[in-house]
Amino acid sequence: GDKVKQSPSALSLQEGTNSALRCNFSIAATTVQWFLQNPRGSLINLFYLVPGTKENGRLKSTFNSKESYSTLHIRDAQLEDSGTYFCAAENMGYKLTFGTGTSLLVDP
Amino acid sequence: ETAVFQTPNYHVTQVGNEVSFNCKQTLGHDTMYWYKQDSKKLLKIMFSYNNKQLIVNETVPRRFSPQSSDKAHLNLRIKSVEPEDSAVYLCASSYGTVNTEVFFGKGTRLTVV
């Protein structure tokens, strides 16, 4: 958890609003993945990033390797977006180092 | 639909028993992993195998042992479970070992009573 600091740890949003999650890395990340862990516990792949930006529907993610951070933007939050969001960094290969997660609750 | 399959979904056992969890991936990947997610939801790597060869072995107790029959299968055996072994164990796979996207199974929740 210390090598990948994720913020905020918890977040509550009204349906239809926007927000941003962030990960700061103290390791030299080469790639970043973002996952959503749903209430059943499944880790759903959201983004796999080399330095740069990707967008998928209401989600947009950026990985800035020079400044050692990644962000996940959620636009027009929906109830089904609720869950725990994890970022994970690859450093030297062979494994992912995970952040501590952001617990998101979207209210109607 | 997940392409990394884990069994069982849940397992409850007593301290001192042996348990074994199975994992199979149908993605044609050559690297497989076991991660442990604790009660605080923190995810940590335990083992990584590439083409049936162990390449990562983090500091885990000796009672944990991975077993790979081929590159599509990676099982996890725990001899003589302890209460602190209660967690969710997540299997994953990827194509290659560097700069590669990792895909996870649904996890096996172990409760040691």
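Sequence order for the protein chains is A and B.
Going letter by letter, the first sequence gives residues 75 to 182 in our numbering.
Going letter by letter, the second sequence gives residues 5 to 117 in our numbering.
The beta carbon of each residue, even a glycine, is placed where N, CA and C say it ideally should be.
All figures in this text were calculated on a predicted structure; none of them were measured in a lab.
Neighbouring residues, chain A, relative to residue i (Cβ below 8 Å)
i, result
"L78 (chain B)", "Neighbours of L78 (chain B) on chain A: none; closest Cβ ~14 Å, over 8 Å."
"V60 (chain B)", "Y168, K169"
Burial state of residue i, where buried means 16 or more other Cβ atoms lie within 10 Å
i, result
"G109 (chain B)", "buried"
"N92 (chain A)", "exposed"
"T104 (chain B)", "buried"
"E164 (chain A)", "buried"
"K40 (chain B)", "buried"
"G90 (chain A)", "exposed"
"P87 (chain B)", "exposed"
"P65 (chain B)", "exposed"
"A201 (chain A)", "The question about residue 201 (chain A) has no answer here: the residues shown for chain A are numbered 75 through 182."
"Q111 (chain A)", "buried"
"G131 (chain A)", "exposed"
"S84 (chain B)", "exposed"
"A162 (chain A)", "buried"
"Y14 (chain B)", "exposed"
"S100 (chain A)", "exposed"
"T30 (chain B)", "exposed"
Check whether residue i and residue j have beta carbons under 7 Å apart
i, j, result
"F68 (chain B)", "I49 (chain B)", "no"
"V60 (chain B)", "S72 (chain B)", "no"
"Q112 (chain B)", "Y93 (chain B)", "What sits at residue 112 (chain B) in the sequence shown is Thr, not Gln. Closer than 7 Å, so yes."
"L153 (chain A)", "W108 (chain A)", "no"
"F9 (chain B)", "L80 (chain B)", "no"
"N55 (chain B)", "K28 (chain B)", "no"
"D89 (chain B)", "V116 (chain B)", "yes"
"A96 (chain B)", "D42 (chain B)", "no"
"K79 (chain A)", "N98 (chain A)", "yes"
"A151 (chain A)", "L87 (chain A)", "yes"
"T101 (chain B)", "Y168 (chain A)", "yes"
Under 7 Å from the C-beta of residue i: neighbouring residues of chain B
i, result
"K128 (chain A)", "Those do not exist, as K128 (chain A) stays about 12 Å from chain B at its closest Cβ, beyond 7 Å."
"G175 (chain A)", "K45"
"T158 (chain A)", "K45"
Neighbour list for residue i in chain B, Cβ cutoff strictly below 8 Å
i, result
"S144 (chain A)", "The contacting residues do not exist; S144 (chain A) stays about 15 Å from chain B at best."
"Q107 (chain A)", "E105, V106"
Proximal chain B residues relative to residue i, where beta-carbon distance stays under 9 Å
i, result
"N119 (chain A)", "E105, V106, F107, F108"
"L153 (chain A)", "In chain order: nothing, as chain B lies at least about 21 Å away."
Neighbouring residues, chain A, relative to residue i (Cβ below 9 Å)
i, result
"V92 (chain B)", "G115"
Segments assigned beta strand (DSSP E), at least 3 residues, entirely inside the segment 142-176 of chain A:
Counting whole runs of 3 or more residues, the segment 142-176 of chain A contains the beta strand (DSSP E) stretches 143-148, 157-164, 170-172.
Can at least three beta-carbon pairs, one atom from the segment 133-149 of chain A and one from the segment 18-29 of chain B, be found at a separation below 8 Å?
Using a Cβ-Cβ distance cut-off of 8 Å, the segment 133-149 of chain A and the segment 18-29 of chain B are not in contact, since fewer than three pairs of beta carbons, one from each stretch, lie closer than that value.
Evaluate contact between the segment 24-36 of chain B and the segment 114-126 of chain A, counting only Cβ atoms and requiring at least three cross-stretch pairs below 8 Å.
No: fewer than three Cβ pairs fall under 8 Å.
Contact between the segment 174-182 of chain A and the segment 78-89 of chain A: three or more CB pairs below 8 Å?
Judged by Cβ distances under 8 Å, the segment 174-182 of chain A makes contact with the segment 78-89 of chain A, as three or more pairs qualify.
In chain order, which alpha helix (DSSP H) runs of at least 4 residues are fully inside the segment 106-137 of chain A?
Counting only runs of 4 or more, we get nothing.
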